[in-house]
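Position one of the sequence shown corresponds to residue 665 (the numbering used here), numbered consecutively onward.
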Amino acid sequence: MTDFLMKPKIDFAFKEIMMNEQARVGFLSAMLGLDPSDIRETKILNTNLRKEHKDDKLGILDVRVLLNDDTEIDIEIQLSPLGVWADRSLFYTAKMYTEQIHAGEDYSSFKKCVSISVLDFKLFGDELGFYSRFHISEDTKRILYTDKMEFHVLELPKLPEELKEGASDVLLWAKFINAERKEEFDMLASRNKYIESAYEQLQVISQSAEKRLEYEAREKAIRDHNQMMYEARREGLKQGREEGREEGREAGREEGREEGQRKGREEGIEALILDNLDEGFAKDKILTKLQRRFNLTEEQAGQYFDRFTK
C-alpha cells in the first residue's frame, strides 16, 4: 500500500468520490442547505466526457445527480480560468431544464435544475466570498421569478488558510476538494462524518492501479491543455505585437498607417481581455474596462470579447 492520494479537484477523482452515496449526500446537503436526513435517495445519472465544440480537446467530465424529489443537479470542476464560465453554465443548465419535457406534457412537469461549479480561479474578483448562490429574482425586491433554476459557485482560491471553530459544512467540503496532503484530509475527515466517507472513498480509488492510470491520464490531459492554451495566448500576443510594429513602420503609406493603428488597437483590446481573464475577472467587469479604455459601445465590447475568447 502506497501513500499516494488523488487530488479531489481533478474531475475524475471527484466523480469517483461521488459514487459513494454517503459522500454524495453529505456534499449535496451542504451545498443545498438541506438536512442530510431530508435527502432520502440520490441517483448518479450516466454522463460521458462532453465536448463543448469541435475544437475542444479536453472536454467536460461532470457529475449529474437526481434527488428523490426529481431535482436534477450538475456538478462541474474547472481548473483553468474561463471568463465565460457563467454564460457556459447557464447554457448547460438551461439545456438540462428543457430536456425534461416531452411531447404532450405541460410546463407544470418541469423540475428544479441546479448547477454547482467548483472553480480553481476567481470568477467574480474579490467582491464575493468563496461561496456564492444565485437565483432568478426581481432586481429591487428580490422576489423569485422562478425557483426552477439555481447556481452555486465555489471559488477555491478564495478559501481561508485557517479553519475556525464552527466552520460551515460548505467550507469544510471546499477545503477537502482543494486538499492535497494526508494531514489535511485527516483533519477534515475528523470534523465531518460525510467528509470521512469521502476520504475513505478517496483512499480506496487511490490504491486501485486501474483507476490511478485513468486519473493520471486525465491529470496529464488537463495539464497539457492548460499549457497549450497558455502558449497559444502568448504566441498570439507576440505575433500581434510584431505585426503591429511592422505595420507601424510603413509610415509612407496612409493605408499602412491606418492598418497599423487598427491592428495596434485590436492588439491592445486582445491583451486587456486575455490578461484580465488570467487574473480571474468576470466578463462584465472586462466589458466595462473595454468600454472605458477604448471608447467602445457595449455591443462593440461584447463582439471583441467573443472574438478573442473563441
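From the three backbone atoms N, C-alpha and C, an ideal C-beta is built for every residue, glycine too.
Cutting at 8 Å between CB atoms, please list the residues of its own chain near GLY789, excluding the five before and the five after it.
Same-chain partners within the cutoff: GLY944, PHE945, ALA946, LYS949.
List the DSSP bridge partners of HIS889.
HIS889 is not bridged to any residue.
Beta-carbon within less than 8 Å of GLN867's beta-carbon, same chain only, minus the 5 sequence neighbours each way: which residues are those?
Closer than 8 Å at the Cβ level, and outside the excluded window around GLN867, lie LEU669.
Leaving out the 5 sequence neighbours to the left and right, which residues in its chain are closer than 6 Å to ALA843 when beta-carbon positions are compared?
Same-chain partners within the cutoff: PHE849.
If you measure between the beta carbons of GLU819 and LYS786, is that distance less than 8 Å?
Yes, these two residues count as a Cβ contact at 8 Å.
In terms of DSSP beta bridges, what is VAL727 paired with?
In DSSP, VAL727 forms a bridge with ILE739.
For LEU709 versus LEU730, is the C-beta distance shorter than 8 Å?
Closer than 8 Å, so yes.
So, ASP738 versus SER772, is the Cβ gap smaller than 8 Å?
No, they are not a contact pair.
State yes or no: is the C-beta of ASP948 nearer than 7 Å to some heavy atom of the ligand HEM?
What this structure holds is no ligand at all, so the ligand HEM is not there to describe.
Short check: CB of LEU743 to CB of ILE869, under 8 Å?
Not closer than 8 Å, so no.
Does the beta-carbon of ILE741 have 16 or more other beta-carbons within 10 angstroms, so that it is buried, or is it exposed?
Under this definition ILE741 is a buried residue.
Check this for me: beta carbons of LEU954 and ILE933, under 8 Å apart or not?
In this structure, ILE933 lies closer than 8 Å to LEU954 by Cβ.
Have a look at SER693, TYR858, ARG929 and flag the residue whose alpha-carbon is nearest the alpha-carbon of GLN686.
Closest by alpha carbon: TYR858.
Going by alpha carbons, who is nearest to GLU705 out of GLY830, ALA694, GLU680, VAL689?
Comparing Cα positions, the closest option is VAL689.
By DSSP, does ILE703 sit in helix, in strand, or in coil?
Reduced to three states, the DSSP call for ILE703 is coil.
May I ask you to report which of helix, strand or coil DSSP gives ARG882?
Three-state DSSP puts ARG882 in a helix.
Are the stretch 760 to 767 and the stretch 798 to 805 in contact at 8 Å, needing three or more beta carbon pairs?
Counting Cβ pairs under 8 Å, fewer than three are found: no touch.
Per DSSP, which residues does ARG797 bridge with? Please list them.
In the DSSP output, where bridge partners are listed per residue, ARG797 has HIS816.
Does DSSP put SER781 in a helix, in a strand, or in coil?
Strand at SER781.
With DSSP collapsed to three states, give me the class of ASP733.
Here ASP733 sits in coil by DSSP.
So, with DSSP's three-state summary, where would you put ASP811?
In the structure shown, ASP811 sits in a strand (DSSP, three-state: E or B).
Apart from the five residues on each side of it in sequence, which residues of its chain come closer than 6 Å, Cβ to Cβ, to ASP719?
Because ASP719 carries a pLDDT of 42, less than 50, the predicted location of this residue cannot be relied on, and no value is offered for it.
Output yes or no for whether 8 Å exceeds the beta carbon distance between HIS799 and LEU792.
Cβ distance not < 8 Å, so HIS799 and LEU792 don't count as in contact.
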